[in-house]
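In the numbering used here, the protein residues as written are 18 to 385.
Idealized CB from N, CA, C, for every residue including glycine.
As the structure is a prediction and not an experimental result, all values here were calculated from the model.
To keep things clear, I will list the structure first and then write my remarks on it.
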Amino acid sequence: MKKMLALVLSCIMVLAIAGCGGGDNAPASSSSSSSAAQTGGKKIGVAMPTQSSQRWIADGKNMKEKLEKLGYTVDLQYAEDDVQAQVSQIENMITNGANCLVVASIDSNALVNVLDQAKANNIPVIAYDRLLMDTDSVSYYATFDNKGVGVAIGKYIEDKMGLKEGKGPYNIEFFAGSPDDNNAHFLNTGVFEVLQPYLTSGQLVCVSGQTSFDAICTLRWSQETAQKRMEDILSGYYSTGKNLDIVVSPFDGISYGISAALEGAGYKVGQKWPMISGQDAELMASKNILSGKQSMTIFKDTRILADKCVKMVQAVLEGGQPEINDTTSYNNNKKIVPAYLCSPVPVDKSNLQKELIDSGYYKKAELE
Ligand code: BGC
């Protein structure tokens, strides 16, 4: 009987020890209180590109709040689209003893040297939303499905304009994002994957003839640059009475520039006003969707992106595996960076309430 009892007790002990071992391998995010104990005030440098667009302000705020809740110390910096300023900010983060860097780059090719410094100091780097190019000093990439954003814009146009049913011809102009941002290329590939067949068939006509990435890109995603280009296109190709039916815009800020140019040329919302796309579901864009000035945007829930990125921070600092759902798409010329791709959601008048208000992203009053 005594022997039996001893055997049962030793089995219980073995199981208990095995259980503890399992805990070590459990995802670091298993509970926020235990994570807070583990983080021991480690410093995270968060480098964001600019405060000139609402999304990056939300990204920075979410990241800071979520990391601080877990017990990390956060150094959040914005470089206001100044590439050199971002390099200096990251250098300072390294000098000040950052344990991990989260970087949303301005120019994704310009950080190679400073990221090498991070690597030399054993500081892991996570690419946030924008891929860090030409470097093997990056561990993970948290982003949205960037080609998927372009496909969603293309499909919206295809659907609403009845292109599959053979409708057209419609006049269309294209805008793309910044050439130094890998996302801009992915997005543009998605747009053309859907719309190129209709350009070929003649259901879509790009009157300016400007369809190559080089011709349609917008350095730093600048609203002013986009407005100027739209003004030039309107005066150069549409002043003789041709109507512009569709404008592909890859970012809400660019859509504002396009709208301003249209208004300047005498176009009026509701009267032959073109379909205009966008990206980011900024507050102003959401209001413009309700008023008819912008047709749609792509909602990228920055709360979800921050959650995924924080899990990557925990994984590189505390051990464990982050959630990864893509190991093939993001080759930065040095390595394929393991990524988590969040899902972008197209939003127009029909689902704005559900996606942006019911989800708590905006309060109804903010949109009035
Ligand atoms: C982001 C977009 C954003 C754009 C301009 C891109 O890298 O993925 O969400 O609209 O930058 O800030």
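What are the boundary residues of the beta strand (DSSP E) that includes residue i?
| i | result |
| --- | --- |
| residue 356 | 356-359 |
| residue 191 | 187-191 |
| residue 120 | 117-120 |
| residue 84 | First-last for residue 84: 71-86, but that is the alpha helix (DSSP H), not the beta strand (DSSP E). |
| residue 94 | 90-95 |
| residue 314 | 314-316 |
Roughly how many whole angstroms lie between the Cα atoms of residue i and residue j?
| i | j | result |
| --- | --- | --- |
| residue 44 | residue 332 | Summary for residue 44: the model assigns pLDDT 35, below 50, so the residue's position carries little reliability, and this model does not support an answer. |
| residue 176 | residue 182 | 9 Å |
| residue 50 | residue 90 | With a pLDDT of only 47 at residue 50, under 50, the local geometry of the prediction cannot be trusted, and the value read off the model is given with reservation. Answer to the nearest angstrom: the Cα atoms are 16 Å apart. |
| residue 27 | residue 336 | Because the pLDDT at residue 27 is just 42, under 50, the model does not fix this residue reliably, and the point stays unresolved. |
| residue 119 | residue 190 | 35 Å |
| residue 215 | residue 163 | 22 Å |
| residue 171 | residue 253 | 25 Å |
| residue 154 | residue 308 | 46 Å |
| residue 227 | residue 92 | 42 Å |
| residue 248 | residue 239 | 14 Å |
| residue 334 | residue 117 | 8 Å |
| residue 105 | residue 96 | 9 Å |
| residue 344 | residue 358 | 10 Å |
| residue 62 | residue 140 | 10 Å |
| residue 221 | residue 178 | 10 Å |
| residue 24 | residue 338 | Low local confidence applies: a pLDDT of 42 at residue 24 is under 50, so the model's placement there is unreliable, with the coordinate-based value given in what follows. Looking at the two C-alpha atoms, the distance is approximately 36 Å. |
| residue 193 | residue 330 | 31 Å |
| residue 56 | residue 383 | 36 Å |
| residue 88 | residue 327 | 12 Å |
| residue 136 | residue 281 | 50 Å |
| residue 198 | residue 256 | 33 Å |
| residue 370 | residue 385 | 12 Å |
Would you call the CB atoms of residue i and residue j closer than 7 Å?
| i | j | result |
| --- | --- | --- |
| residue 173 | residue 361 | no |
| residue 94 | residue 123 | no |
| residue 386 | residue 233 | A query on residue 386 cannot be resolved here, the shown segment of the chain reaching from 18 to 385 and no further. |
| residue 151 | residue 289 | no |
| residue 121 | residue 158 | no |
| residue 306 | residue 381 | no |
| residue 207 | residue 186 | no |
| residue 188 | residue 211 | no |
| residue 161 | residue 317 | yes |
| residue 315 | residue 166 | yes |
| residue 11 | residue 311 | Missing from the structure shown is residue 11; the chain here goes from 18 to 385 and no further. |
| residue 230 | residue 205 | yes |
| residue 250 | residue 291 | no |
| residue 319 | residue 75 | yes |
Determine the extent of the alpha helix (DSSP H) in which residue i is found, giving its start and end residues.
| i | result |
| --- | --- |
| residue 326 | 319-335 |
| residue 173 | 163-177 |
| residue 212 | 199-218 |
| residue 60 | Run containing residue 60: none in the alpha helix (DSSP H); it sits in the beta strand (DSSP E), 60-65. |
| residue 242 | 240-254 |
| residue 273 | 269-281 |
| residue 228 | No alpha helix (DSSP H) holds residue 228; DSSP gives it neither H nor E. |
Quick test of your reading: residue i and residue j, contact by CB under 8 Å. State the CB separation rounded to the nearest angstrom.
| i | j | result |
| --- | --- | --- |
| residue 84 | residue 354 | With a Cβ gap of about 21 Å, residue 84 and residue 354 do not count as contacting. |
| residue 237 | residue 98 | 5 Å |
| residue 299 | residue 101 | Their Cβ separation, rounded to whole angstroms, is 27 Å, which puts residue 299 and residue 101 out of contact at 8 Å. |
Please confirm if the region 227-246 is in contact with the region 265-278, defined as three or more CB-CB distances below 8 Å between the two stretches. yes
For the region 70-80 against the region 313-327, do three or more pairs of beta-carbon atoms, one drawn from each stretch, fall closer than 8 Å, so that the two count as touching? yes
Do the region 273-292 and the region 100-114 touch if we need at least three Cβ pairs shorter than 8 Å? no
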